[in-house]
Every structure is written in structure tokens, then in C-alpha cells.
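Just so you know, the protein sequences line up as chains P and L, in that order. By the working numbering, the letter at position 199 of the first sequence is numbered 235, and the numbering carries on one by one without gaps. By the working numbering, the letter at position 193 of the second sequence is numbered 198, and the numbering carries on one by one without gaps. Even glycine gets a Cβ: it sits at the ideal position worked out from N, Cα and C. Quick caveat: nothing in here was measured; it's all calculated off a predicted structure. Have a look at the structure below before the remarks.
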Amino acid sequence: MKRWIWMGPLALLAILMALVMAACGEGEEAPTQTPQVTATPTQSSQASASPTPVVRGPKDVILATTTSVQDTGLLDVLASEFKKDTGYNVKAIAVGTGQALAMGERGDADVMLVHAPSSEKVLIENGAAIDRRLVAHNYFLLLGPAADPAGAKTANSAIAAMKAIYDKGATFISRGDDSGTHKKELSLWKEAGVDPKGKAWYEEAGQGMAATLQIANQEDAYILCDKASYLSQKKNIELIVIFEADPAFLNVYSVMLVNPEKFDMVNAEGAKAFADFLVSEKAQQIIGEFGVDKYGEQLFIPDADKTYEDLGVE
Amino acid sequence: MDLIWDGIKEAFRIIGSGDYSVWEIAVRSILVSGSATMISLFLGILVGSAIAFNQFPGRNLAFSLVNTGMGLPPVVVGLIVAIMLWRSGPLGEFRLIYTPSAMVVAQTVIAAPIVTGFTAAALRNLHPKLRSQLYGLGASRLQMLWLVLWEAKLPLLAAVMAGFGGAISEIGASQMVGGNLAGDTRVMTTAIVLEVSRGEFAPAIALSIILLVLIFIVNLILTTVQQQERQS
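Below is the structure:
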């Protein structure tokens, strides 16, 4: 008789499994009590606590975006506000800009929030993306060891600082992952007229900003980093700001819709709603205030009221 | 070292404060990996018994393939499942990508060879005359299968524990097909990676400790059942 006791737990597990598959198949079940914003205890103060009614149907918007926006926590706040206002559930897939743009080109995303202007234009030109709009900007920083072996601190421009690092052969850690930061770094080397690829002192990490920062930190190396990531990682690293506040370090974030005429599974209304939300007054205010109380300065400067020419970007 | 101490303190703080979001992630991890393990068990019994009980040309090759499957890199599985499930892929219209179901699929592909390999080995090691004896006593095919599985329940439980361990500790595939979305597809392992990438090491260590405790509890339950059966 004892063996039949097994039937109970087995049946229970089978039912549990079926429930999980049925519930999750829709992909929109959100625990209504959860602070939708965050999964970590340290950020629960930012979370919204009001439950949102679960809406079934095409209410998912797949956003392909960059790790720099995700890791600072800004995206969580924006997505939760957007959900409260419109009911759309933003699925923010944070990968490098290269992968985000590739997702857009395959139609695997509905909307993209990235920071690589020249690559973005390629997508607009080949029709994969439409409706590119300016969202915000911040600046990159050149970080490095306090000892500053390359003397980059005293250079008279960002490009000169990069050249100084190249000339000295000081260890430099590159993102090496086709991200917006990586693309900016490559363009800086190009403007300096040098190519560090293959040099012994030039290391390509192939990882996100925080991981690459740790490598640079452990190796006392120079690295290009965005301001938001630097501020949030400052407590974990001993690198200092070597160079900043140079127009060459401008880091511009734009939003683009994946062309619904090219890919029929794109959630065109949801994507447009999210893009409209990002440039709306409410979101721009959230962006402008983000991080100020925690870090004492803005992490992102809202730009929806300006044009690309105003910022000096193509 | 104080990083680890901070992590331990943070772990107690999380458990003590009953932070719902961490609880929700933990439950999702158990459900997703548990489902994947259960499906793998079903597949494992099907395929494992087929290979173990029947003599056919290429039987050794079949065993080798299953054992090779145990060493499948999870990130490779994740990539292939993701390519299949992307909207641009062959199974795109099911819209499974970035849902917990996609993670169950990926974790099943990872756990199934493990469970199948253990099951096949366990069934192969049963007394060869057992099945003919059961048939001789008048058992139907289904009854024979059930009784044989009952005989092999100890290694079968080991197979379940191994499969579950493989599924719940997995990151690469879960990240790729799930997207680590808060409140939707975030599980313990992907949450830990996120905290590390945010530079929040204390929460990362805290989550790691909680995950280890969870895995330990599940295995404790399974092992207790396994050992009790031995005594009965």
C-alpha cells in the first residue's frame, strides 16, 4: 500500500507543472503585489507598490536596450511608470548596443533605446527602424589609476589624452563587445589617428560596463566609462577620473521604433506608446531627477526638447 | 572578507524582512527548474527504459549520445533554443521568448540528458531476469514499467537530484531565453548576475546564500525520502 503514497506527490507535481505552463504561457502574469520595479532589496525604496491589473492580449512591448541604462536602475523606474499609465508591460532586454540593434534588424524587438548614433542611422537608412528621437545624454569619462603613468590628466583634450595612453603603452581595457561605449572608444582612437588593436597593453574584455570596470580596477588600467555607471560603481573601484567634460565624450541616447511594415509581429502601438512616453514631460522629468539624491548630480540629462544639431551630433 | 560578511548579514536581513520580491524570485526558480526536472524525468523514463530494455544495433552509441548530452554547455543550449524561439525564428509565432515557459524548455533540454543517462544506467543495472519474472506473473507492459521503476527508485531519485541541480544552477540559457525581466522571468541565478553587474556585491552574496540554502533544502527532502525507502 505504501507505494501508492507516491501517487499523491506525483499528481501534485504534475498539476503544479500544468499550472505553471498555463499561467506562464501568456507571458504576462505579473504578481500584483510585487514592487514591479526591482528584484533586489537595496532598491526597493524606488519601487511602486500599487498593484496593476494584469491585461491579457498584445500588451507586451519588447525593448532592446543597453546595459548602461539597465544597470543604473533608470529603466526599472521608467518601465514601471509606463505600465501604470498605459498598462503595457515593457520587456527590457538589456544587451550591448550591437546586439540591441541586431535584434531590431531581425524584428525580434518592438522598440530600441541605444546610444550609438552612427549605427542607429544605418538602421534608419535600410528601413529596419523608423522614427528616431533624442531622449537624453550624458558624458563618458576617462578613468585611470591615480598614478596616471601616461600623463593623460594634463593633456589638453580627450583625444590628446587617448593619444598619450597609446604613446605610453599604458594598460587600457576596452569593452570589446560592440556596445555604444565600445563604438565611442573606437571612434576616439580613430580621431587620435592611432589603432591600438593587437597591442599587448590593449585588452578587450567583451563584457558589460561593471564587469569591465572591475577588470580595469584590478589591473590599475585606463578605461572609458559612462558617467552613470561610474557614479554607481564608484564605491567599488579605486580608479579616478582622468579626463572629462570634453565634447568628444558626448554620449547620446535615442529611441527608435522597429519598422512594423517590415516585421508583422511587431507591437507597433505599444512601441510608439513607449517612445512617446520617453519623450513626454513626465518621463523627461524622471530622467532628469534620476540619481540626484543618491549621487548628488544628474546621471542623464533629458533632451527631448532639443534636436540632434543642438548637441552637435549627426 | 568583509564583502562576504556583509553578504551574510544582508542574507539574514532579507529573510528577516520577508522581502517579497526576493521570495517571488526564489519561488519562480523552484517552479521553473522543478517543472523542467519533472518533464526531464518523464522523458528520461521514456527514453531511458527504451534504451535499457531493448537490444538493438547502435545501443552503445545511444548510451554514448545520452552521456555526451550530460556535458552539453548550457549556454550553447540557450543560444540554440533562443534562435528557435525568437520572433525571427521557426517557432517565433508561439511568442514564447522572454517567458518562463521558454526557460522551462531550455532547462529541460539541459536536464533531460542528465536524468536520461542516470535512469538508463539505473534500469540497465537491474537484474536481467526481473522483467521476465514480472511478465511471467502476469504483469501488463505498463505494470511492468511501474514496478521496475519502483525497484530502481533510489537511483531514480539521484537522477532527479542531479537534473534539478543542473537546471537550477544554470545561468546562460535562462538569461538568453528569459531576458532576466523583473517580476516575469528573473530567477535566483540571473538575479545574482544582475547584482554583480550592478556592483552590488553584498546583495549578490546574500542571494547566493539563499539559493544554496534552497538547493540544500530540496535535496535534503529528496535524500530523506530516498534513505527512508531504503530502510522500509
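Terminal residues of the beta strand (DSSP E) in which residue i lies
i                      : result
residue 121 of chain L : Element bounds for residue 121 of chain L: not the beta strand (DSSP E) but the alpha helix (DSSP H), 105-129.
residue 238 of chain P : 238-240
residue 202 of chain P : Segment 194-204 is the alpha helix (DSSP H) holding residue 202 of chain P; no beta strand (DSSP E) there.
residue 169 of chain P : 165-180
residue 207 of chain P : Taken as a continuous stretch (DSSP letters only), residue 207 of chain P belongs to no beta strand (DSSP E), as it is neither H nor E.
residue 126 of chain P : 125-130
residue 148 of chain P : 147-150
Buried versus exposed, by CB contacts within 10 Å (16 or more), residue i
i                      : result
residue 219 of chain P : buried
residue 233 of chain L : exposed
residue 221 of chain L : exposed
residue 221 of chain P : buried
residue 114 of chain P : buried
residue 130 of chain L : exposed
residue 37 of chain L  : buried
residue 10 of chain L  : exposed
residue 245 of chain L : Given that chain L is displayed from residue 6 to residue 237, the structure contains no residue 245 of chain L and the question cannot be resolved.
residue 62 of chain L  : exposed
residue 263 of chain P : buried
residue 281 of chain P : exposed
residue 267 of chain P : buried
Residue i versus the options, residue with shortest Cα-Cα distance
i                      : options                       : result
residue 107 of chain P : L/35, L/204, L/230 and L/136  : L/204
residue 157 of chain L : L/133, L/115, L/15 and L/108  : L/133
residue 164 of chain P : P/178, P/138 and P/175        : P/138
residue 92 of chain L  : P/334, P/300, P/345 and P/308 : P/300
residue 116 of chain L : L/25, L/55, L/40 and L/191    : L/40
residue 210 of chain P : P/204, P/249, P/226 and P/192 : P/249
residue 15 of chain L  : L/214, L/144 and L/168        : L/214
residue 17 of chain L  : L/218, L/34, L/225 and L/230  : L/218
residue 150 of chain P : P/126, P/132, P/141 and P/166 : P/132
residue 165 of chain L : L/97, L/226 and L/194         : L/226
residue 251 of chain P : P/275, P/263, P/97 and P/232  : P/275
residue 184 of chain P : P/198, P/176, P/175 and P/173 : P/198
residue 101 of chain P : P/244, P/258, P/337 and P/256 : P/244
residue 118 of chain L : L/151, L/76 and L/88          : L/76
residue 216 of chain P : P/346, P/240 and P/153        : P/153
residue 141 of chain P : P/125, P/159 and P/186        : P/159
residue 101 of chain L : P/258, P/96 and P/121         : P/96
residue 44 of chain L  : L/85, L/19 and L/168          : L/168
residue 166 of chain P : P/229, P/147 and P/189        : P/147
residue 113 of chain L : L/128, L/48 and L/89          : L/48
residue 225 of chain P : P/285, P/335, P/310 and P/116 : P/285
residue 261 of chain P : P/119, P/128, P/348 and P/175 : P/175
Under 7 Å by beta carbon: chain P residues contacting residue i
i                      : result
residue 93 of chain L  : 142, 143 and 144
residue 129 of chain L : Chain P residues near residue 129 of chain L: none, gap ~22 Å exceeds 7 Å.
residue 204 of chain L : 246, 268, 269 and 272
residue 97 of chain L  : 301
Under 8 Å from the C-beta of residue i: neighbouring residues of chain P
i                      : result
residue 246 of chain L : Past the boundaries of the shown model lies residue 246 of chain L; chain L is included only from 6 to 237, so the question cannot be answered.
residue 53 of chain L  : Going along chain P, no residue has its Cβ under 8 Å from residue 53 of chain L, so there is no contact; the nearest lies around 17 Å.
Element boundaries [alpha helix (DSSP H), containing residue i]
i                      : result
residue 121 of chain P : 110-122
residue 97 of chain P  : It is not in any alpha helix (DSSP H) - residue 97 of chain P instead sits in the beta strand (DSSP E) that spans 96-101.
residue 308 of chain P : 304-314
residue 228 of chain P : 216-228
residue 158 of chain P : 153-161
residue 139 of chain P : 133-142
residue 328 of chain P : 328-331
residue 346 of chain P : 344-347
residue 324 of chain P : 317-325
residue 15 of chain L  : 7-22
Interface residues of chain L facing residue i [CB-CB closer than 9 Å]
i                      : result
residue 98 of chain P  : 92, 102, 103 and 184
residue 129 of chain P : 103, 184, 185 and 186
residue 203 of chain P : Neighbours of residue 203 of chain P on chain L: none; closest Cβ ~32 Å, over 9 Å.
Interface partners of residue i on chain L, CB under 8 Å
i                      : result
residue 197 of chain P : Result: empty, since nearest Cβ-Cβ is about 25 Å, beyond 8 Å.
residue 112 of chain P : 187
Within chain P, the residues that residue i reaches when beta carbons sit closer than 9 Å
i                      : result
residue 168 of chain L : Under the 9 Å cutoff, chain P gives no residues; its nearest Cβ is about 13 Å from residue 168 of chain L.
7 Å Cβ cut-off: residues of chain L touching residue i
i                      : result
residue 107 of chain P : 202 and 203
Any non-hydrogen atom of the ligand NAD within 7 Å of residue i CB
i                     : result
residue 21 of chain L : In terms of ligand content, the structure shown is empty, and the ligand NAD therefore cannot be addressed.
- Query: Which residue spans inside the segment 252-293 of chain P form an unbroken alpha helix (DSSP H) run of at least 4?
  - Reply: 263-269
- Length at least 4, wholly inside the segment 39-99 of chain L: the alpha helix (DSSP H) runs in chain order: 64-75 and 79-90
- Query: Could you give the uninterrupted runs of the alpha helix (DSSP H) lying entirely in the segment 125-205 of chain L, keeping only those of 4 residues or more?
  - Reply: Counting whole runs of 4 or more residues, the segment 125-205 of chain L contains the alpha helix (DSSP H) stretches 133-141, 146-156, 158-173, 177-183 and 193-202.
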